[in-house]
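Asks: Once you've had a glance at the structure underneath, I'll fire off some questions.
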Amino acid sequence: AMAPPGDEAPEAEAEAVAAPARRRRGAVELHPRPLLDPELPRLLEERGFPGSHARSIWEHLLEHPLCTDVAEVPALPKALLPWLSEHFTTSTASVKRRMASQDGTTKLLISLQDGVEVEAVVINHGGDGEFSSVSRPRMKPGATLCLSSQAGCRMGCKFCATGTLGLIRSLHAGEILEQLRLARTVRPDIRKIVFMGMGEPLENFDAVTSVVRLLTSEQVLFRLGGRPVTLSTVAPTPNCITRLVDAGLAGSTRLAVSLHAPTQELREQIVPSARVMPLPKLMDEIDAFGRAASKVSKRAREEGVLIEYCMLKGVNDSAECANQLGELLHPRRDMVYVNAVGQRHRGCLRPAGQKGGRLRLRRTGRRRGRRRRRLPHRRRRCSR
183 AMAPPGDEAP EAEAEAVAAP ARRRRGAVEL HPRPLLDPEL PRLLEERGFP GSHARSIWEH
243 LLEHPLCTDV AEVPALPKAL LPWLSEHFTT STASVKRRMA SQDGTTKLLI SLQDGVEVEA
303 VVINHGGDGE FSSVSRPRMK PGATLCLSSQ AGCRMGCKFC ATGTLGLIRS LHAGEILEQL
363 RLARTVRPDI RKIVFMGMGE PLENFDAVTS VVRLLTSEQV LFRLGGRPVT LSTVAPTPNC
423 ITRLVDAGLA GSTRLAVSLH APTQELREQI VPSARVMPLP KLMDEIDAFG RAASKVSKRA
483 REEGVLIEYC MLKGVNDSAE CANQLGELLH PRRDMVYVNA VGQRHRGCLR PAGQKGGRLR
543 LRRTGRRRGR RRRRLPHRRR RCSR
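Counting from 183, one number per residue, gives the positions in the sequence shown under this note's numbering.
This is how it looks when you write it as structure tokens:
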């Protein structure tokens, strides 16, 4: 989950925010509903209209993010417009604030229909825009969108500012997709989607998986790249990752697991929800996901599972932790990659510096290096 810029809110303010959050934890019915909703084809068919009209509507809304009237969508039957106008709207959310950094990353504060606010972040990695030459030169031009799946979060991770809010409510599938439409007003060249914003995606399983299915099955419509979705999770409950496999999403979605510790005891201190997910069980589910993904495509096998590890000074950045992490991941070294980062956020646990908290997995973990281009045979040096 993302941390807002600046210092954390004081404890009193956090409690004041979290108190109404607990009262609003139930489901919220949207009226009108957003047109960018995965359920729209089914609803159209129930009214006796072809479900294919939904694709025409989505295509128009994505190409014209500022459209405010469904009547502007071409080739829709006139008999359909009154029902759409009564029950749906082109957008239930709006951008309340926009913050840009020097490297081209842009954070959007989005206000939902009931006034709840979430964040979406457009991450620049070259291509269009003022900062097209900045950072990540080996990535294709474009941008990545970091989506929120919930307002607030109840996981309570010690380094995460969102966790101090508690869970306000889960987002509807249409509200998740609307973040993409609003972000396209900032960067039309969004090619990748990551569920690493506010909330725990697998706690909002039905809405998130319906969005993932739509994005991965309609990559041309949403103008996304190959295997475009990465889903980040702390694995809040047993079998939550297995449900992704059972839903058939292992091949089309990349999994990122927020591990943050090499032992069960330490992980429970950093990620309190780990109490209900034993580490051996988590590793078994990661293995099952990796095996299922490798059967689908070569690309899915090569990308593997991403292990997220936030280094916290004096907590999980010691040489002993590095050795334990290497031992934990060594049996699955052909399946996982470790992303060890040092956060700057001033959370409950102080983050580690880059030098003192560098995590080394050279001996027991997997190294992913830059492949050298081999010279043609006639240009190679003789080894004698």
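All C-beta atoms in this analysis are idealised placements derived from N, C-alpha and C, irrespective of residue type, glycine included.
In terms of DSSP beta bridges, what is Lys289 paired with?
Replies: In DSSP, Lys289 forms a bridge with Met281, Val303.
Asks: Give every residue of the same chain whose Cβ lies closer than 8 Å to the Cβ of Leu364, excluding the five residues on either side of it in the sequence, and list them in chain order.
Replies: Closer than 8 Å at the Cβ level, and outside the excluded window around Leu364, lie Pro247, Ser273, Ala275, Ser276, Val277, Leu290, Ile292, Ala302.
Asks: Would you mind working out which of Ser476, Val376, Val497, Arg229 sits nearest Val439, comparing C-alpha positions?
Replies: The residue with the shortest Cα to Cα distance from Val439 is Val376.
Asks: Would you grab the beta carbon distance between Ile594 and Ser399 for me? Rounded to a whole angstrom, and I think it's under 8 Å.
Replies: Residue 594 is absent from the model: the chain starts at 183 and stops at 566.
Asks: Taking Cβ to Cβ, would you say Leu437 is nearer than 8 Å to Val487?
Replies: For Leu437 and Val487, yes; Cβs fall inside 8 Å.
Asks: Anyone know if the C-beta pair for Gly234 and Leu258 falls short of 8 Å?
Replies: According to the sequence shown, residue 234 is Ser rather than Gly. Taking 8 Å as the Cβ cut-off, Ser234 and Leu258 do not qualify as a contacting pair.
Asks: Could you spell out where the beta strand (DSSP E) holding Cys422 opens and where it closes?
Replies: Premise fails: Cys422 lies in the alpha helix (DSSP H), 422 to 428, not in any beta strand (DSSP E).
Asks: For the candidate residues Ala333, Asp388, Gly407, Asp499, whose alpha-carbon lies nearest to that of Glu221?
Replies: Ranking Ala333, Asp388, Gly407, Asp499 by Cα distance to Glu221 puts Asp388 first.
Asks: Considering Arg471, what are the terminal residues of the beta strand (DSSP E) in which it resides?
Replies: Note that residue 471 is Phe in the sequence shown, not Arg. From DSSP, Phe471 is part of no beta strand (DSSP E) but of the alpha helix (DSSP H) over 461 to 478.
Asks: Which residues share a DSSP beta bridge with Glu228?
Replies: Paired residue(s): none; Glu228 is not in a bridge.
Asks: When you compare the CB of Ala501 with every CB in chain D, is at least one pair closer than 8 Å?
Replies: Looking at the structure shown, chain D is missing, and only one protein chain is on hand.
Asks: Below 8 Å on the Cβ atoms is my contact criterion, and I expect Leu384 with Thr415 to pass it. Report the Cβ-Cβ distance as a whole number of Å.
Replies: At roughly 5 Å, the Cβ-Cβ gap stays under 8 Å, so Leu384 and Thr415 are in contact.
Asks: Work out the CA separation of Asp428 and Ala475 for me, nearest whole Å.
Replies: About 12 Å.
Asks: Using a Cβ-based criterion (distance less than 7 Å to any ligand heavy atom), does Leu437 qualify as near the ligand FAD?
Replies: Ligands in the displayed structure: none, and consequently the ligand FAD is not present.
Asks: Which runs of the alpha helix (DSSP H) at least 4 residues long sit entirely within the stretch 334 to 398? Give them in chain order.
Replies: Those alpha helix (DSSP H) runs which fall completely within the stretch 334 to 398 and span 4+ residues are 355 to 365.
Asks: Within the continuous beta strand (DSSP E) that includes Cys492, where are the two ends?
Replies: It spans 487 to 492 - the beta strand (DSSP E) in which Cys492 sits, taken as one unbroken run.
Asks: By alpha-carbon positions, which one of Leu329, Thr326, Pro454, Gln361 ends up nearest to Gly338?
Replies: If we check each option's Cα against that of Gly338, Pro454 comes out closest.
Asks: Which whole-angstrom value describes the C-beta separation of Leu327 and Val304, a residue pair presumed to lie in contact below a C-beta threshold of 8 Å?
Replies: 6 Å between Cβ atoms; contact.
Asks: Could you pull the start and end residues of the alpha helix (DSSP H) that Ala504 belongs to?
Replies: Start and end: 501 to 511.
Asks: Is DSSP giving Gln401 helix, strand or coil here?
Replies: Three-state DSSP puts Gln401 in coil, outside helix and strand.
Asks: Would you kindly work out how many angstroms separate the C-alpha atoms of Gly472 and Pro513, rounded to a whole number?
Replies: Cα to Cα, Gly472 sits roughly 13 Å from Pro513.
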